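In my numbering, the protein residues as written are 10 to 583. Glycine included, C-beta positions come from ideal geometry on N, C-alpha and C. Just so we're clear, the structure is a prediction, and the values are computed from it rather than from any experiment. Since the structure comes first, as structure tokens, the remarks are kept for the end.
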């Protein structure tokens, strides 16, 4: 057996298995490998010019993970003997590899994930049917990808022009395939990103595009019936290991509601709406594909959440686009308004009207299950958000509630917006739990007041987290005690903790104990200056908004400059 050799792996093919001997090191030339544990948990993605298998090789132990090709991949296999000969002749090579291993082990998990997302280089764009103008869309997408590096569009006509008529339709294993693969790989090495443009005729070129891609994009008209799509059968038969995303072309004001049908039919893990002729929408898609989409997570905390309003104002002034947003409790409310396209000024107005001008938390009832009925507030949410559904929002959004029956968090990324948002804000003891399929749901902040874990799992790009929880919470200054009636005989100048504050603090103790772990998942963690603000100090909305704005304006500019959010391109207007 030769000391080194080139190996070609088809999409989905296994390179290394758990327990196999560690007799070689592999370096990715083109493509992508994925490292996964026995339980299926993904450890890492390995991209171009990165090694895999080096730790087992040096330790002499059997492989401890499975490694497979996410897409068609070419690797250089270096035997143990050849590697040891290199180390003997060049000891600095062993030192360099040891440093790389240490760096990998020390690398922050969040930084490693972000780097992995940004390694996606090749995208297959597949028209769902003949009515889709895929070529025009591909040109627009290439323009938006260009600031992040050189980009090339490859379609069947381009391949045939370079290699001869019919070259794009060469089947796997057929004569001429090796020449085609080498040509495609050469183009991938020359450019930062490739956009493979498929055809709706179920030909070999579309199938090859799927196998060459780090991510597959299905482009469809939102009003079309997925049952008529010509690409779904190929997707299902391909055994894909790469993510499938759905891009729906939807004119402004359209009301078609087929997104969940399309997602189920294509197996898409995410979807994007693009208004035809709107560069801003395609820009958001391009940022998401290259790991530069900004995710904004807003935490729960009652009136203290008004500090988020200042963050939104600062983001607008600094021209940092919010590409996906979510939150818990009050953070869910404000982020929902953001996802609906409201400006920071309009969000401030709606928030003030909801919580300050109108008293919507006063429909009291005999406290059998809660202090208030909650009807007024839910009607207000319905007035604001209408019949919008979460999965139909132009800006992707999620909120979190707590399944009180099971004691677990529940993520809401589909369904009636006003209803699931209201559930995310349903403080136990204050408002009655929401009953759904025999189980009870309450405020998301009970178990997850800052859902950065949900945002991280979306793998879109940098995460900004605004946290309005406070250490220490409520207190009884000046009372030595123990005094069971200390609060009843309150004489301190500070405001006495209210029943609502005590209920909320009690309900969210578990959630707030995990804030540090949630903060570690953010690329920018904003611990908002809300000390001294009560959970229900609604009338301090302007003070809190100003506090949040001043703090965000201090922290956001360095973050924007360091994260290369737009690949050098300014944000699109409006």
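Legend entry - Exposure of residue 109, with buried meaning 16 or more beta-carbon neighbours within 10 Å: exposed
Legend entry - Rounded separation between residue 434 and residue 242 - CA only: 42 Å
Legend entry - Same chain, Cβ closer than 6 Å to residue 245, neighbours up to 5 away in sequence not counted: none
Legend entry - residue 142 to residue 136 span [Cα, whole Å]: Spanning the two alpha carbons is a distance of roughly 8 Å.
Inset, instruction - Go through its chain and collect everything with a Cβ distance to residue 556's Cβ below 6 Å, but skip five positions before and after it. - result: These residues qualify, in order along the chain: 316, 538.
Legend entry - residue 225 to residue 219 span [Cα, whole Å]: 6 Å
Legend entry - Cβ contact check for the region 170 to 183 and the region 321 to 339: 3 or more pairs under 8 Å: Touching, no, given that fewer than three Cβ pairs across the two stretches are closer than 8 Å.
Legend entry - Limits of the alpha helix (DSSP H) - the one that residue 72 falls within: Looking at the DSSP string, residue 72 is not in any alpha helix (DSSP H), and its letter there is neither H nor E.
Inset, instruction - Could you tell me which residues DSSP pairs with residue 87 in its beta bridges? - result: DSSP, once it has assigned bridges, lists 13, 34 as partnering residue 87.
Inset, instruction - Please state if the CB of residue 535 and the CB of residue 564 are separated by a distance shorter than 8 Å. - result: yes
Inset, instruction - Apply the 10 Å Cβ neighbour rule to residue 476 and answer buried if 16 or more other Cβ atoms are within range, or exposed otherwise. - result: buried
Inset, instruction - Give a yes or no on whether the C-beta atoms belonging to residue 293 and residue 302 are separated by under 8 Å. - result: Yes, Cβ-Cβ distance for residue 293 and residue 302 is below 8 Å.
Inset, instruction - Only counting runs of 4 or more residues, tell me where the alpha helix (DSSP H) segments fall wholly within the region 425 to 467, in order along the chain. - result: 426 to 433, 461 to 467
Inset, instruction - Flag this pair as touching only if the region 86 to 103 and the region 155 to 174 have three or more C-beta atom pairs under 8 Å; answer yes or no. - result: no
Legend entry - Own chain residues within Cβ distance below 6 Å of residue 325, not counting five before or after: 353
Inset, instruction - Would you check if the region 75 to 82 and the region 44 to 63 touch, i.e. whether three or more CB-CB distances between them fall below 8 Å? - result: yes
Inset, instruction - For the alpha helix (DSSP H) containing residue 196, list its first residue and its last residue. - result: 186 to 199
Legend entry - Selection from 467, 470, 427, 414 that minimises the alpha carbon distance to residue 445: 414
Inset, instruction - Would you be able to state if there are at least three C-beta pairs under 8 Å between the region 282 to 289 and the region 451 to 461? - result: Because the criterion of three Cβ pairs below 8 Å is not met, the region 451 to 461 and the region 282 to 289 do not touch.
Inset, instruction - Give the C-beta separation of residue 304 and residue 338 to the nearest angstrom, bearing in mind that I take them to be a contact with Cβ-Cβ under 8 Å. - result: The Cβ separation is near 18 Å, so there is no contact.
Legend entry - Three-state secondary structure assigned by DSSP to residue 183: coil
Legend entry - Contact the region 415 to 429 vs the region 383 to 400: 3+ CB pairs below 8 Å: yes
Inset, instruction - In angstroms with no decimal places, state the Cα-to-Cα distance between residue 375 and residue 409. - result: Confidence at residue 375 is low in this model, with a pLDDT of 45, below 50, so the placement of that residue should be treated as unreliable; the coordinate-derived value is given next. Near 28 Å, if we compare the C-alpha coordinates of residue 409 and residue 375.
Inset, instruction - Output the boundary residues of the alpha helix (DSSP H) element that contains residue 203. - result: Looking at the DSSP string, residue 203 is not in any alpha helix (DSSP H); the run it does join, the beta strand (DSSP E), is 202 to 206.
Inset, instruction - Just the C-alpha distance for residue 405 and residue 549, rounded to the nearest angstrom, thanks. - result: 30 Å
Legend entry - Coarse secondary structure for residue 563, derived from DSSP in three states: helix
Inset, instruction - Leaving out five residues on either side along the sequence, give the residues of the same chain with a beta carbon under 8 Å from the beta carbon of residue 66. - result: Residues 31, 32, 33, 34, 89, 92 of the same chain have their beta carbon placed closer than 8 Å to that of residue 66, with the five preceding and five following residues left out of the count.
Inset, instruction - Determine the DSSP secondary structure at residue 261, reduced to helix, strand or coil. - result: DSSP places residue 261 outside both helix and strand once states are collapsed to three, so it counts as coil.
Inset, instruction - Go ahead and label residue 197 buried or exposed: buried means 16 or more other beta carbons lie within 10 angstroms of its beta carbon, across all protein chains shown. - result: Under the 10 Å beta carbon count, residue 197 is surrounded by 16 or more other beta carbons and is classified as buried.
Legend entry - residue 572 (DSSP reduced to helix, strand or coil): helix
Inset, instruction - Using a threshold of 8 Å, state whether the C-beta atoms of residue 203 and residue 250 are closer than that. - result: no
Legend entry - Terminal residues of the beta strand (DSSP E) in which residue 542 lies: Per DSSP, residue 542 lies in no beta strand (DSSP E) segment and is marked neither H nor E.
Legend entry - Local Cβ density within 10 Å of residue 421, reported as buried at 16 or more and exposed below that: That one is buried.
Inset, instruction - Output yes or no for whether 8 Å exceeds the beta carbon distance between residue 140 and residue 233. - result: In this structure, residue 233 lies closer than 8 Å to residue 140 by Cβ.
Legend entry - Any beta strand (DSSP E) of 3 or more consecutive residues that is wholly inside the region 110 to 168: Runs found: 131 to 136, 160 to 164.
Legend entry - Cα-Cα separation between residue 56 and residue 266, rounded to whole angstroms: Rounded to whole angstroms, the gap between the alpha carbons of residue 56 and residue 266 is 38 Å.
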